[in-house]
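See structure below.
Number of protein chains: 2
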Amino acid sequence: MLSKKTKYGLKALSYIARQEGNEPVQIGAIAKNENISQKFLESIMLSLRKAGFLGSKKGKGGGYYLRRSADQIKMVEVMRILEGPVAMLPCVSLNFYERCADCPDEGTCSVHSLMIQVRDNTLKVLENNTLADIIQD
Amino acid sequence: MLSKKTKYGLKALSYIARQEGNEPVQIGAIAKNENISQKFLESIMLSLRKAGFLGSKKGKGGGYYLRRSADQIKMVEVMRILEGPVAMLPCVSLNFYERCADCPDEGTCSVHSLMIQVRDNTLKVLENNTLADIIQD
DNA sequence: TTAAATCCTAGTATTCCGATAGGATTAAAA
DNA sequence: TTTTAATCCTATCGGAATACTAGGATTTAA
């Protein structure tokens, strides 16, 4: 299951991307319009800024804005920052690989190959969709 | 991330499917060979039996056996029993649907359509793989 | 009658998630 | 210069879920 953190983060990015012009958007406005706890959203925005998706302006009239155009922000990148690995098992993760404690040999693990297939199909979707794509609705 | 419960369940089913003949297989043997806590595995086997994948024989010489041939057990069925929904959001789940509290309208939610794509691609893999497929390694 | 297996219910330790608290800092506007 | 409005930052916390564990009841073969 997708965490609320990721879901809210994607909604916030979408909200910002849908605004006209490049004026900074306030957390308060996003939280209100998307029904998200403002304090929780604050910490999510911070992650997105530190990851390079968002820039911020402090003080009155400040807020957040996209640092890249929406069609340059792949869903898979955002997911990896907010959700972590795309794969369903650490042992099939490309960016967060870890051995499984219980497996003596990944090559003979029957679950392993299945989860590689799932990963590749999920990746295909997340690589091919950008922020620009998902706000087309 | 896949829960240990699901992973262990799949490994246990694979282990049983790989045995010659239809002799019941003991939890103890599975736990030992697959490095799984025996007590934990007990509860998982119980779920799999109640879901109809396994039959059991009690008492000395008892154990678990497949109730259907391995090529008749789709991965998606096992996943739904052990892991729950395939979808990453309740609002795009076919078998475990729930509204999202924060969405006034699913039709205009940008995350919704993305997660439908992910779901469909994951489903494709899990529908097309059976227990027989994943033990071919 | 004993040994070996499943069956079943409860409990528990730990981790993670979602959210909250409380201020520090910055900048525009009055 | 003061006020107001925004982000920044760290810490904490309750509840739920996960991953087991305990302990016995029941069943069956030898």
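Just so you know, the sequences run in chain order A and B.
Taken in order, the first sequence gives residues 669 to 805; the numbers are from my numbering.
Taken in order, the second sequence gives residues 669 to 805; the numbers are from my numbering.
The beta-carbon is built from N, C-alpha and C at its ideal position, and this holds for glycine as well.
Source: prediction; values computed, not measured.
Item: Measuring alpha carbon to alpha carbon, tell me which of B:Cys759, B:Thr674 and B:Arg748 ends up nearest aspartate 773 (chain B).; Value: B:Cys759
Item: Just the Cα atoms here: how many angstroms apart are leucine 678 (chain A) and tyrosine 733 (chain A)?; Value: 14 Å
Item: With a cut-off of 8 Å, does the C-beta of lysine 675 (chain B) fall near any C-beta of chain A?; Value: yes
Item: How big is the Cα-Cα spacing for lysine 842 (chain B) and lysine 672 (chain A)?; Value: Lying before the first or after the last residue shown, residue 842 (chain B) is absent from chain B, which here runs from 669 to 805.
Item: If we count Cβ pairs, one from each stretch, closer than 8 Å, do we get three or more for the stretch 779–789 of chain A versus the stretch 730–750 of chain A?; Value: no
Item: From what residue to what residue does the alpha helix (DSSP H) around serine 711 (chain A) run?; Value: 706–718
Item: For leucine 762 (chain B), name the three-state secondary structure that DSSP assigns.; Value: coil
Item: Please go through the same chain and pick out, in chain order, the residues whose beta-carbon is closer than 7 Å to the beta-carbon of glutamine 694 (chain A), but skip the five residues on each side of it.; Value: Gly731
Item: Run through chain B and tell me which residues come within less than 8 Å of glutamine 785 (chain A), C-beta to C-beta.; Value: Val793 and Asn797
Item: Leucine 799 (chain A) to glutamate 766 (chain A), Cα distance in whole Å?; Value: 29 Å
Item: In the DSSP assignment, what residue or residues form a beta bridge with serine 724 (chain B)?; Value: B:Tyr732
Item: With threonine 790 (chain B) as the anchor, note down where its alpha helix (DSSP H) starts and where it stops.; Value: 778–796
Item: Strictly under 8 Å for the Cβ-Cβ distance: is valine 779 (chain B) near chain A by that measure?; Value: yes
Item: Quick check on DSSP: helix, strand or coil for valine 754 (chain A)?; Value: coil
Item: Do you know offhand how far lysine 726 (chain B)'s Cα is from aspartate 770 (chain A)'s?; Value: 28 Å
Item: Looking at glutamate 710 (chain A) and tyrosine 683 (chain A), is the spacing between their C-beta atoms short of 8 Å?; Value: no
Item: From the DSSP output, which residues share a beta bridge with lysine 742 (chain A)?; Value: A:Thr798
Item: Looking only at its own chain, which residues have a Cβ that is under 8 Å from the Cβ of tyrosine 676 (chain B), when we skip the five neighbours before and after it?; Value: Glu702, Ile704, Phe708, Leu709 and Ile712
Item: At a CB distance below 8 Å, what residues from the stretch 679–695 of chain B approach chain A? Give them in sequence order.; Value: Lys679 and Ser682
Item: Short check: CB of leucine 750 (chain B) to CB of serine 715 (chain B), under 8 Å?; Value: yes
Item: Would you verify that the beta carbon of leucine 722 (chain A) is, or is not, closer than 8 Å to some beta carbon of chain B?; Value: no
Item: Any beta-carbon of chain B closer than 8 Å to the one on leucine 709 (chain A)?; Value: no
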